[in-house]
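Undergrad:
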Amino acid sequence: MKLVTILFLCSRLLLSLAEEETTEEIYCNDEDVFQAVDAALKKYNAGNQTGYQFVLYRVTEGTKTVGSDTFYSFKYQIKEGNCPVQRGLTWQDCDYKDAEEAATGECSATVGKSNTEKFYVVTQTCNITPGNGPVLTAQYNCLGCVHPVPPDSPELEPVLKHAVKHFNIDTRRSHLFALKEVKAAQRQDVWKCRDNAFVDIDQNIADFSQDCNIYSGKYLTHPLPATCPGCPRTIPVDSPVLTEPLGHAIKKLNSEINHISYFKIHTVKKATSQVVAGMRYFIDFIARETNCSKANNMELGPDCEVKSSGNGLSCNADVYMRPWENKVELTVKCQDIQMVGAQLRSAWGQFCL
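Residue numbers for the sequence shown follow full-length UniProt numbering, beginning at 1 and rising by one.
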């Protein structure tokens, strides 16, 4: 008996012959366009296991197709940022790396918008140019997602031929119909099957087995393993384990900042920890100016209170601790809160070409 393996790649073409789609240019001050680009860039960054996140530089061109589903097809440029991919931050939290060492790239993406206002990436190709190296290409296709097909695409020909033939056979008309025009078309891959047929010496099928992968559609997710040693883990912002790393962070900030008063931590926004031959903490926090001056105080004390009209800083700290060696390494980067607010208010406008 011999085994014959047959691979079936099954898909369906959804031909929207009754409802005509409209295509229009997109404008980068459109909030939906920003959401679509945001989804595409986050999808690309999520696929990188090492290195730094990429930050949006600008959107260069794009179109919007409206029909039974809405699709945004666009090109956008990105630059390497200063946030490691495993920090748990989004690209909006990062700054650009220095131009000489930063990688750059251009991506072409198609992003769908569901009737529940959720954006999902259908397909995306990114060409990345490292600071000193050849161009790298990353390709993503969503298995099971509906995506538009150009009306003049050659892949429609056999499907349309079969559809017209089927229509002519099943309709009782005196004349045959011929295809005049394709208004719109969509494609969706729905399953892939591998069939194993066992054939005996007489070429008869003696046994048969089938293994199918069903593509669930738009919102494919891959669950994290139940345990992941070494993976970043989110910590509650009020967790006692943050007391020591936050103490190191505020001490570092006050020693480096050129200000007449001490600052103290006012709010912890986000925190993660990671086991890496020790413990590493990534913490985002707000620090505010206190009523304790450096001239009259040797250090920040428990009696130092936040000044209601004092300055505020938005900070992120990377604290690496090895308690058995009494070793602490850390970096703290801060930005004036008023400057951060101004950047956020004008953030989308700067990405328009």
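Even for Gly, the Cβ is constructed at its ideal location relative to N, Cα and C.
Here the structure is a predicted model, which is why all the values come from computation and not from measurement.
Nearest-angstrom Cα distance between L220 and G112?
TA: Unreliable placement is indicated for L220, whose pLDDT of 41 sits below 50; no coordinate value is reported for it.
Undergrad: Taking the beta strand (DSSP E) that I283 falls in, what are its first and last residues?
TA: Here the beta strand (DSSP E) through I283 covers 279-293.
Undergrad: Starting from the N-terminal side, write out each stretch of the beta strand (DSSP E) that is 3 residues or longer and does not extend beyond the UniProt domain "Cystatin kininogen-type" (28-132).
TA: DSSP runs (the beta strand (DSSP E)) wholly in the UniProt domain "Cystatin kininogen-type" (28-132): 52-66, 70-84, 104-113, 119-129.
Undergrad: Could you check what DSSP says for A271 in three-state terms: helix, strand or coil?
TA: In this structure, A271 counts as strand in the three-state DSSP scheme.
Undergrad: Examine the Cβ distances between the stretch 24-36 and the stretch 60-74 and report whether three or more of them are shorter than 8 Å.
TA: Because the criterion of three Cβ pairs below 8 Å is met, the stretch 24-36 and the stretch 60-74 touch.
Undergrad: With C-beta atoms as the reference, is V59 less than 8 Å away from V37?
TA: Yes, these two residues count as a Cβ contact at 8 Å.
Undergrad: Quick one: grab the DSSP three-state call for K307.
TA: Residue state, collapsed to three classes: coil.
Undergrad: Using a threshold of 8 Å, state whether the C-beta atoms of K270 and V319 are closer than that.
TA: Cβ atoms of K270 and V319: not closer than 8 Å.
Undergrad: When you compare each of S73, L179, A295, F34 to A163 by their alpha carbons, which one comes out closest?
TA: Closest by alpha carbon: L179.
Undergrad: Taking C334 and S309 to be in contact with their CB atoms under 8 Å, please state how far apart those CB atoms are, rounded to whole angstroms.
TA: C334 to S309, Cβ: 19 Å. No contact.
Undergrad: Pick helix, strand or coil for L242, following the three-state DSSP scheme.
TA: If DSSP states are grouped into helix, strand and coil, L242 belongs with the helices.
Undergrad: In the DSSP output, what is L330 paired with across the bridge?
TA: DSSP output for L330 lists V319 as bridge partner(s).
Undergrad: State the start and end residues of the unbroken beta strand (DSSP E) segment that holds K24.
TA: At residue 24 the sequence reads Glu, which differs from the Lys that was named. Unbroken beta strand (DSSP E) run through E24: 22-25.
Undergrad: Residues in the same chain with beta-carbon distance under 8 Å from I250, minus the five sequence neighbours each way, listed in chain order, please.
TA: Correct list, in chain order: F263, K264, I265, A287, L300.
Undergrad: Measure the Cβ-Cβ separation of T272 and R233 and say whether it is below 8 Å.
TA: For T272 and R233, yes; Cβs fall inside 8 Å.
Undergrad: Short of 6 Å in beta carbon distance, which residues of its chain neighbour N311, apart from the five on each side in sequence? Order them along the chain.
TA: Closer than 6 Å at Cβ, skipping near neighbours: E289.
Undergrad: When you compare only the Cα positions, how much space is there between T243 and Q124?
TA: Going from the Cα of T243 to the Cα of Q124 covers about 43 Å.
Undergrad: According to the Cβ coordinates, are Y44 and V85 closer than 8 Å?
TA: Not in contact: Y44 and V85 (Cβ atoms no closer than 8 Å).
Undergrad: Could you give the residue range of the alpha helix (DSSP H) that holds L156?
TA: Run containing L156: 156-170, per the alpha helix (DSSP H) assignment.
Undergrad: I'd like to confirm the pairing. Which residues does DSSP put opposite Q335 in its beta bridges?
TA: Answer is S314, bridged to Q335.
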